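Visitor: 588 is the number of the first residue of the sequence shown in our numbering; add one for each residue after it. Before anything else, here's the structure in question.
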Amino acid sequence: MRTQILKFWLALAALWPVLFMSLPQASAEIFEKTLGNGLRVIVKEDHRSPVVVQQIWYHAGSMDENIGVTGIAHVLEHMMFKGTKKVPAGQFSKLISAAGGRENAFTSNDYTAYFQQLHKSRLPLAMKLESDRMSNLHLTGAEFSKEIKVVMEERRMRTDDDPQALMNEKLMAVAYQEHPYRNPVIGWMNDLQTLSVEDAKRWYKNWYAPNNATLVVAGDVKASEVFTLAQRYYGGIPARSLPQRKTFSEPPQAGIKRIVVKAPAKLPQLVMAYHAPTLRDSEKDWQPYALQILAGILDGNASARLNRALVREQQLASAVNVEYDSTSRGPSLFMLAGIPSEGKNVTELESGLREQIAMLKRDGVSEDELKRVKAQVTASEVYKLDSLFYQAMQIGQMESIGLSFKDIPVILQKLQAVTPRQVEDVAREYLQDDQLTIAVLDPQPLPGKTVQSD
């Protein structure tokens, strides 16, 4: 299977120019308009099937929260399904389901978004319901008291009782000294226990306004008709004065930070997180592109450097992976993670990862490696275009972090232009100890079971 995968990527590399030429066409039928109240409306026409996706993106996430009310962005996301003056609690989801659609929402550090996917003829229904809760949400103490308990239980299940999630949460709190990315999106439990419905009302009033949102519609629609519908349903909602956003910077780190998290788990884990920049100007910036290619060289597929050296050859790890997000409102982390193989420990795994980084800095990267990774990036974007939801999400995310959907083809062009020297330069600049925070999961016994110790 791995041989077949490798052959596939090699063949894909030869098709790189063809694939790349197809990508700008993805933005050829994107139309935009700003309503009088400041709501940006962006339409991506895709007539392959009679389906439409509506997404509303509010440009406020957990990084906009104040100390003591962490988690309120996510709590308000839950409360958005608890009814308006016109639509009782629970009816929003039932109405979308009855129309043959699906809907949900998600909160991140940077934004909060809501979506519906349904037959194109039901787009007016989706707009009517979504615009209604933009301005008429009915927040009651009784509903809040019930929902905050749901959120606290969600935190217990997804973080407190999940050793890997718990380690990652503590890693973020240590790696970031001042930036609000140090706080979890779901909120600290102590804050959740003291949140009130008044906190939710304040968050809703501050941020849920048309001039702080982007409406994205993708599917079998005509842009002109979508703009008419948007004006009908959203155009009458008044703009509001928005709070002044805080500006955050992360001070330079001097020396390695290390944490050990003890939690019931089967296996130890290691994460090495290096401070790294994100994309602010798609034309001028180059380091985020080089870091993205570097991540692919280290962990692009089964034949990439870390998997080949540490899993297959040296057998130091049973699994390794690299994560780097170049598109966010704040600074990023370039993270290498792994689980030691049986009989190995995190110290040996850390040494192995460091050795691979040192080799890359010393020996550089080859054109063949670059070609493989660039082909992977391009193919991934081409295949994602099969998804209406992803097309809309890509647009909404870019618009919500200070970039534009117009940057999408630029980003792909810049990734294609990354050189071996640039990859080596960012490795030398960012993968060094003054940027590094290391987290170790020290597994504690599960009830009635033993664990592999470090």
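Cβ coordinates follow ideal geometry from the N, Cα and C atoms, glycine included. If you're wondering where the values come from, they're calculated on a predicted model, not measured in any experiment.
Thinking H862 and Q1022 are a contact (beta carbons under 8 Å), I'd like their distance in whole angstroms, please.
Guide: Looking up residue 862 in the sequence shown gives position 275. Looking up residue 1022 in the sequence shown gives position 435. So it is a contact: roughly 4 Å between Cβ atoms.
Visitor: Leaving out the 5 sequence neighbours to the left and right, which residues in its chain are closer than 6 Å to V640 when beta-carbon positions are compared?
Guide: Indexing the sequence shown from 1 puts residue 640 at position 53. Q704, A805, G806, L975, F976 and A979, listed in sequence order.
Visitor: Compute the distance between the beta-carbons of Y701 and E717, then report whether it is under 8 Å.
Guide: Taking the first residue of the sequence shown as position 1, residue 701 is located at position 114. Taking the first residue of the sequence shown as position 1, residue 717 is located at position 130. The answer is yes: Cβ separation under 8 Å.
Visitor: Candidates V907, M922 and S905: which alpha carbon is nearest S913's?
Guide: On the sequence shown, position 326 is the one that residue 913 refers to. S913 has its Cα closest to that of M922, out of V907, M922 and S905.
Visitor: For G925, write down the residues that DSSP places opposite it in a beta bridge.
Guide: Position 338 of the sequence shown, counted from the start, is the residue given in the question as residue 925. BP columns for G925 point to L857 and V907.
Visitor: Is the CB-CB distance between V548 and D778 below 8 Å?
Guide: Residue coverage of the chain in this structure runs from 588 to 1041, which leaves residue 548 outside it and unanswerable.
Visitor: Could you tell me if Y970 is buried or exposed, where buried requires 16 or more neighbouring beta carbons within 10 angstroms of its beta carbon?
Guide: By one-based count along the sequence shown, residue 970 stands at place 383. Classification of Y970: exposed, given that the 10 Å Cβ count is below 16.
Visitor: Does the beta-carbon distance from H725 to G670 come in below 8 Å?
Guide: For the purposes of this step, residue 725 is identified with residue 138 of the sequence shown, where counting begins at 1. For the purposes of this step, residue 670 is identified with residue 83 of the sequence shown, where counting begins at 1. In contact: H725 and G670 (Cβ atoms closer than 8 Å).
Visitor: Whole angstroms is fine: what's the gap from L988's alpha carbon to G930's?
Guide: Here residue 988 corresponds to residue number 401 of the sequence shown, with the count starting at 1. Here residue 930 corresponds to residue number 343 of the sequence shown, with the count starting at 1. The sequence given here places Ile at residue 988; Leu does not occur at that position. In a straight line, the C-alpha of I988 is about 44 Å away from that of G930.
Visitor: How should D786 be labelled, buried or exposed, when 16 other C-beta atoms within 10 angstroms of its C-beta is the threshold for buried?
Guide: Here residue 786 is taken as the residue at index 199 of the sequence shown, counted from 1. Classification for D786: buried.
Visitor: Alpha carbons only, please: which of Y791, S915, Y645 and V630 is nearest the one belonging to F814?
Guide: Taking the first residue of the sequence shown as position 1, residue 814 is located at position 227. Out of Y791, S915, Y645 and V630, V630 has the C-alpha closest to the C-alpha of F814.
Visitor: Are P927 and A891 closer than 8 Å when you measure CB to CB?
Guide: For this step, residue 927 is matched to residue 340 along the sequence shown. For this step, residue 891 is matched to residue 304 along the sequence shown. Cβ atoms of P927 and A891: not closer than 8 Å.
Visitor: Tell me which residues share the same chain as V847 and place their Cβ nearer than 7 Å to its Cβ, disregarding the 5 neighbours each side in the sequence.
Guide: Translated into positions along the sequence shown, residue 847 becomes position 260. For V847, where only same-chain residues beyond five positions count, the Cβ hits under 7 Å are V1027 and D1029.
Visitor: What are the boundary residues of the alpha helix (DSSP H) that L957 is part of?
Guide: On the sequence shown, position 370 is the one that residue 957 refers to. Where L957 is concerned, the enclosing alpha helix (DSSP H) stretches over E954 to K971.
Visitor: Apply the 10 Å Cβ neighbour rule to A729 and answer buried if 16 or more other Cβ atoms are within range, or exposed otherwise.
Guide: Here residue 729 corresponds to residue number 142 of the sequence shown, with the count starting at 1. It is exposed - the Cβ of A729 has fewer than 16 other Cβ atoms within 10 Å.
Visitor: Could you check the C-alpha separation between H706 and L829 for me, to the nearest Å?
Guide: By 1-based counting over the sequence shown, the position of residue 706 is 119. By 1-based counting over the sequence shown, the position of residue 829 is 242. The straight-line gap from Cα to Cα measures roughly 35 Å.
Visitor: Buried or exposed for D886, please, with buried defined as at least 16 other CB atoms from any protein chain shown within 10 angstroms of its CB.
Guide: Locating residue 886 in the sequence shown gives position 299, where the first residue counts as 1. Its Cβ being crowded by 16 or more others within 10 Å, D886 is buried.
Visitor: Per DSSP, what kind of secondary structure is Q1003 in: helix, strand or coil?
Guide: Locating residue 1003 in the sequence shown gives position 416, where the first residue counts as 1. Helix, per DSSP.
Visitor: Can you say whether R832 is buried or exposed, counting buried as having 16 or more other CB atoms within 10 angstroms of its CB?
Guide: Here residue 832 refers to the residue found at position 245 when the sequence shown is read from its first residue. Exposed is the call here.
Visitor: Kindly provide the ranges of any alpha helix (DSSP H) runs that are 4 or more residues long and lie completely inside the segment 763-829, ordered along the chain.
Guide: Entirely contained in the segment 763-829, the alpha helix (DSSP H) runs reaching 4 residues are, in chain order, 776-781, 784-794 and 810-820.
Visitor: Under the assumption that G951 contacts P1007 (Cβ atoms under 8 Å), give the Cβ distance between them as a whole number of angstroms.
Guide: As a working mapping, residue 951 is identified with position 364 in the sequence shown. As a working mapping, residue 1007 is identified with position 420 in the sequence shown. Contact holds; Cβ gap of about 6 Å.
Visitor: Can you give the Cα-Cα distance for Q840 and S680, rounded to whole angstroms?
Guide: Stepping through the sequence shown from its first residue, residue 840 is reached at position 253. Stepping through the sequence shown from its first residue, residue 680 is reached at position 93. One C-alpha to the other measures close to 46 Å.
Visitor: At which residues does the beta strand (DSSP E) containing V639 begin and terminate?
Guide: Reading the sequence shown from its first residue, position 52 is the one you call residue 639. From DSSP, the beta strand (DSSP E) with V639 extends over V638 to Y645.
Visitor: Which residues in the same chain as E734 place their Cβ atom closer than 8 Å to its Cβ, once the five residues preceding and following it in sequence are excluded?
Guide: For this step, residue 734 is matched to residue 147 along the sequence shown. Within the same chain, E734 has close Cβ partners V662, H665, M666 and K669.
Visitor: Give every residue of the same chain whose Cβ lies closer than 7 Å to the Cβ of Y795, excluding the five residues on either side of it in the sequence, and list them in chain order.
Guide: The residue you call residue 795 lines up with position 208 of the sequence shown. Answer for Y795: Y645 and M721, listed in chain order.
Visitor: State the Cα-Cα distance for the pair A752 and R742, rounded to the nearest angstrom.
Guide: Counting from one through the sequence shown, the residue named residue 752 turns up at place 165. Counting from one through the sequence shown, the residue named residue 742 turns up at place 155. Roughly 10 Å separates the two Cα atoms.
Visitor: On the three-state DSSP scale, how would you describe E632?
Guide: The residue you call residue 632 lines up with position 45 of the sequence shown. Of the three classes helix, strand and coil, the one that applies to E632 here is strand, per DSSP.
Visitor: In the DSSP assignment, the beta strand (DSSP E) including T699 goes from what residue to what residue?
Guide: Counting from 1 along the sequence shown, the entry for residue 699 is found at position 112. T699 -> beta strand (DSSP E) spans T699 to H706.
Visitor: Across which residues does DSSP place K681 in a beta bridge pair?
Guide: Here residue 681 is taken as the residue at index 94 of the sequence shown, counted from 1. The partner list for K681 (beta bridge, DSSP) is empty, contrary to what the question assumes.
Visitor: What's the C-alpha gap between F607 and L782?
Guide: Translated into positions along the sequence shown, residue 607 becomes position 20. Translated into positions along the sequence shown, residue 782 becomes position 195. Below a pLDDT of 50, predicted positions are generally treated as unreliable, and F607, at 39, falls in that range; the measurement from the model is reported next regardless. Near 49 Å, if we compare the C-alpha coordinates of L782 and F607.
Visitor: Across which residues does DSSP place V848 in a beta bridge pair?
Guide: If you number the sequence shown from 1, residue 848 lands on position 261. For V848, which the question treats as bridged, DSSP gives the partners L1028.
Visitor: Do K844 and A760 come within 8 Å of each other at the CB atom, strictly closer than that value?
Guide: Locating residue 760 in the sequence shown gives position 173, counting from the first residue. Locating residue 844 in the sequence shown gives position 257, counting from the first residue. No.
Visitor: What did DSSP end up calling I617 once you bin it into helix, strand or coil?
Guide: Here residue 617 refers to the residue found at position 30 of the sequence shown. Strand, per DSSP.
Visitor: Do L878 and R627 come within 8 Å of each other at the CB atom, strictly closer than that value?
Guide: Looking up residue 627 in the sequence shown gives position 40. Looking up residue 878 in the sequence shown gives position 291. Their beta carbons are not under 8 Å apart, which means R627 does not touch L878 by this criterion.
Visitor: Helix, strand or coil for L1023 per DSSP?
Guide: As a working note, residue 1023 is residue 436 in the sequence shown. Three-state DSSP puts L1023 in a strand.
Visitor: Label V1013 either buried or exposed according to how many other C-beta atoms from any shown protein chain fall within 10 Å of its C-beta, with 16 as the threshold for buried.
Guide: Here residue 1013 is taken as the residue at index 426 of the sequence shown, counted from 1. Result: buried.
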